[in-house]
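Report on the following structure.
Numbering (the UniProt record's numbering), first residue to last: 1 to 960.
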């Protein structure tokens with residue numbers, strides 16, 4: 001039947017298993033089961049069977065999902081079984097079916113917020129379960145329910161519930177009201193058969209006294225009733241059969257304390273101990289709410305949070321759905337005694353701001369079995385705690401169950417006095433006891449943060465049990481010297497360790513000096529470890545065959561990643577990403593290769609390493625077949641080796657950034673590059689060329705280009721058809737980017753060109769290049785003081801015939817030109833015809849600019865009549881700002897039209913003679929005409945019906 005219950009939910013719905021438990025209880029699907037917990041076990045077992053049979057899909061903690069085809073099959077089964085007929089409607093339903101009889105149905109589900117009105121007098125004599133989602137604006141009243149006399153389970157979501165809604169439903173055993181607006185629920189006290197009642201996430205402010213009349217109630221769920229402020233005194237005590245109580249997420253709920261005024265009559269936590277059947281409890285309270293000498297009774301499952309900042313958990317919905325299945329304690333302050341009976345069965349324990357406890361064990365010990373079920377442990381800001389486990393003064397118990405043997409997650413934060421995690425007995429007793437005291441055989445994740453007196457984490461005898469450890473995270477442990485201290489033991493197997501993150505641990509000087517097997521390690525990230533001299537000894541590095549990511553930052557004393565040795569079997573065949581920054585003593589990365597092929601390396605980022613001279617030797621060129629992205633930044637000593645070439649002749653290289661590498665010698669890169677950046681090459685004084693093969697020329701079946709220096713770029717005939725992004729910045733010696741004559745096959749994929757602070761650059765594009773940029777989308781030029789032209793004029797360097805071809809930039813959408821002091825015009829007028837997709841044009845702080853689009857004598861491209869009107873059909877933003885010498889936007893006699901204009905800004909242009917206007921259809925216009933009298937101007941301005949025309953030379957700020 002659980003299979004059929006799952007079909008009550010819409011397609012692709014994530015079904016919370018606890019809902020099925022409550023429905024199953026109300027429908028008595030498991031007759032003879034005496035408790036809800038027993039039914040829960042049966043439902044969970046059924047879910048496992050259905051998942052293993054592929055009839056249900058897993059989707060998170062305690063959630064399942066039913067595939068559409070399986071759901072259709074379940075509905076087909078239900079429709080052919082007379083003992084349990086289903087009718088299911090999903091979210092698309094907008095109207096309640098008017099012409100359909102509901103008499104035969106025993107289950108009806110409408111999960112929709114579109115039904116605006118519920119029917120009245122609906123006849124459903126056989127209906128046992130109703131699941132209905134909706135809108136809080138729609139009222140659910142007794143007139144809708146009065147024909148459902150057999151109803152046992154009712155689940156309403158997002159409804160406005162009227163006071164009399166359930167007065168006729170005397171057979172109800174399960175009532176689930178989630179996210180409902182409840183006007184008055186005192187009438188629910190008349191539902192004497194009610195056993196499961198949930199108000200989860202509903203806006204109820206006070207639980208009425210009448211709820212205490214529900215003599216058979218076994219489960220009460222008030223979770224996340226964020227408006228709930230009061231439960232009347234003694235109401236909880238009256239619910240004598242209560243088995244499960246959920247009160248987490250009730251931020252405003254008040255409890256009776258010693259200072260409470262008697263007339264307020266709030267419930268007291270001491271009422272919880274009046275039940276003989278209570279086995280499941282969820283609760284979030286402050287330390288002040290705990291009565292003196294109060295101790296929680298023994299529970300099977302619990303989520304108890306005392307003295308924590310509850311806002312840390314809200315919004316996560318983490319605990320609200322784990323509670324029925326977990327055994328979790330969160331204790332803030334020193335309210336330890338109240339929870340001692342729960343320690344033995346606790347699976348998740350978080351302690352915060354605990355005072356007066358030097359350790360967890362033996363201080364919190366309760367008998368021989370200590371935290372044997374604990375899977376998650378978190379300790380934070382416990383200022384007196386010096387260690388977690390102290391076995392130095394305990395008698396060895398040869399038959400004792402090891403402490404923490406089930407622990408999977410360990411987190412310790414801000415424990416200022418913590419010196420070691422585990423204080424183990426002296427060496428003489430090792431054979432008899434210590435491993436039996438502490439075993440971390442299940443530990444998977446360790447996080448240690450801000451424990452400044454901690455010197456090491458794991459004694460060798462404990463570390464030997466860490467075979468399941470998967471992740472190690474250490475940060476801000478200033479005195480930490482070693483993860484595992486040096487001993488005579490030579491082999492420690494960390495076979496499952498996948499990730500290591502260490503940051504701000506300034507006392508670590510070296511990696512492990514003993515042999516540790518790290519055959520599963522994939523990610524290593526080391527930040528701000530100031531004294532670290534090397535990372536892996538050779539003996540450890542030989543086991544790093546699965547390492548994928550290596551990220552080292554701000555390790556000021558790091559000299560080598562792996563110490564050099566004459567004989568080495570190191571093979572980092574899986575390494576795909578290397579990032580190194582701020583390592584001022586590191587001189588080379590060659591220890592990573594040891595002559596081996598790094599066949600999976602895709603990303604290499606090196607920056608701010610002041611002494612780094614070499615990356616990989618030239619012999620490695622053929623050993624980096626997958627290298628895709630290289631960024632070399634702020635490397636003042638970086639240079640080549642073996643003939644002064646940095647070799648990156650790689651078919652896969654797509655992204656190269658070279659930034660502030662003044663000693664960079666010639667190097668070769670693939671011509672299939674997609675992103676190319678040269679930045680801040682200030683010390684290069686020689687002429688600069690970037691050479692690629694002549695057309696059809698290959699080297700080892702790879703196209704390549706050579707960067708020699710940075711005064712001229714791209715001097716030759718070559719194919720850069722893969723280049724998508726080119727950034728040239730802070731190149732003070734760069735004079736020419738492209739130089740004609742040139743036979744360029746194409747730059748067909750270049751989309752972004754950004755040039756900034758190239759002080760000696762005279763033009764951006766040669767005419768040949770400008771005619772071969774079909775995909776160029778963005779052109780940014782900034783702070784190029786000597787720039788004279790964006791596109792070099794035909795005839796200056798062009799080859800014969802090119803001046804006859806128009807320049808067409810069909811995909812250029814954005815042009816930004818800033819602070820280019822020597823630029824007098826932007827483009828020839830003919831270029832305007834080739835900008836069909838231009839959306840934004842902004843020119844700012846160009847002091848000598850006189851024309852945006854200029855006319856030259858040889859640009860006539862047809863009759864003068866046809867050239868009078870030029871449209872920029874998609875131009876939405878036009879900005880001309882702080883251009884003191886600008887005379888015209890367009891040549892005299894030309895009329896530019898902008899039918900898509902949304903923003904126009906013309907400011908700081910006192911000498912402009914172009915007039916701007918916007919017509920009744922919101923199209924923009926720009927005209928530059930021969931000088932006329934003021935009277936003539938006024939006459940023309942007045943003739944434009946519903947047209948806004950600004951006076952010539954005036955400031956304009958306009959938005960559509």
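We put the beta carbon where it would ideally sit given N, CA and C, even for glycine.
Determine the direct distance from the alpha carbon of residue j to that of residue i, and round the result to whole angstroms.
i            : j           : result
residue 215  : residue 193 : 8 Å
residue 662  : residue 736 : 19 Å
residue 564  : residue 470 : 28 Å
residue 332  : residue 308 : 5 Å
residue 408  : residue 359 : 19 Å
residue 413  : residue 561 : 29 Å
residue 496  : residue 466 : 9 Å
residue 1035 : residue 515 : Given that the chain is displayed from residue 1 to residue 960, the structure contains no residue 1035 and the question cannot be resolved.
residue 334  : residue 342 : 15 Å
residue 419  : residue 449 : 13 Å
residue 821  : residue 732 : 15 Å
residue 486  : residue 480 : 14 Å
residue 645  : residue 403 : With a pLDDT of 45 at residue 645, under the threshold of 50, the modelled position of that residue is not reliable, and the figure given next carries that caveat. Taking the straight line from one Cα to the other gives about 59 Å.
residue 598  : residue 625 : 8 Å
residue 868  : residue 896 : 8 Å
Which residue from the options puts its Cα closest to that of residue i?
i           : options               : result
residue 184 : 168, 204 and 724      : 204
residue 134 : 107, 100, 178 and 105 : 178
residue 785 : 792, 765, 768 and 824 : 824
residue 887 : 904, 912, 96 and 901  : 912
residue 200 : 165, 245 and 186      : 245
residue 165 : 158, 152, 171 and 188 : 188
residue 576 : 590, 593 and 604      : 604
residue 549 : 527, 540, 329 and 574 : 574
residue 150 : 171, 202, 956 and 406 : 171
residue 110 : 119, 122, 132 and 42  : 132
residue 206 : 243, 291 and 222      : 222
residue 835 : 352, 217, 822 and 870 : 870
residue 855 : 833, 505, 838 and 875 : 833
residue 202 : 213, 243, 169 and 155 : 155
residue 972 : 654, 926 and 953      : Residue coverage of the chain in this structure runs from 1 to 960, which leaves residue 972 outside it and unanswerable.
residue 772 : 811, 759 and 762      : 811
Spatial neighbours of residue i within its chain, please: C-beta separation below 6 Å, excluding the five flanking residues on both sides.
i           : result
residue 482 : 456
residue 281 : 245, 299 and 302
residue 780 : 754 and 816
residue 118 : 144
residue 350 : 330 and 378
8 Å is my cut-off, CB to CB: does residue i come that close to chain C?
i           : result
residue 911 : Considering every chain present, this structure includes no chain C. It has just one protein chain.
Less than 8 Å between the CB atoms is what I'm expecting for residue i and residue j, so what's the real figure, rounded?
i           : j           : result
residue 813 : residue 766 : Incorrect: roughly 22 Å between the Cβ atoms, too far for contact.
residue 474 : residue 423 : With a Cβ gap of about 19 Å, residue 474 and residue 423 do not count as contacting.
residue 552 : residue 558 : 7 Å
residue 453 : residue 406 : With a Cβ gap of about 28 Å, residue 453 and residue 406 do not count as contacting.
residue 612 : residue 638 : 6 Å
residue 20  : residue 4   : Actually they are not in contact, since the Cβ atoms of residue 20 and residue 4 sit about 11 Å apart, beyond 8 Å.
residue 43  : residue 17  : 7 Å
residue 554 : residue 528 : 5 Å
Quick one: what's got a C-beta closer than 8 Å to residue i's C-beta in the same chain, skipping five residues either side?
i           : result
residue 252 : 226, 227, 228 and 229
In its own chain, which residues sit with a C-beta less than 7 Å from the C-beta of residue i, not counting the 5 before and 5 after it?
i           : result
residue 827 : 790, 791 and 853
residue 267 : 231, 232, 233, 235, 236, 255 and 256
residue 885 : 847, 848, 849, 850 and 911
residue 58  : 51 and 64
residue 289 : 255, 257 and 269
Using the beta-carbon count (16 or more within 10 Å), is residue i buried or exposed?
i           : result
residue 844 : buried
residue 893 : exposed
residue 815 : buried
residue 961 : Absent from the structure is residue 961, since the part of the chain shown begins at 1 and ends at 960.
residue 217 : buried
residue 707 : With a pLDDT of 43 at residue 707, under the threshold of 50, the modelled position of that residue is not reliable, and no figure is offered here.
Taking 7 Å as the cut-off, is the CB of residue i close to at least one heavy atom of the ligand ATP?
i           : result
residue 843 : The model depicted lacks the ligand ATP and carries no ligand whatsoever.
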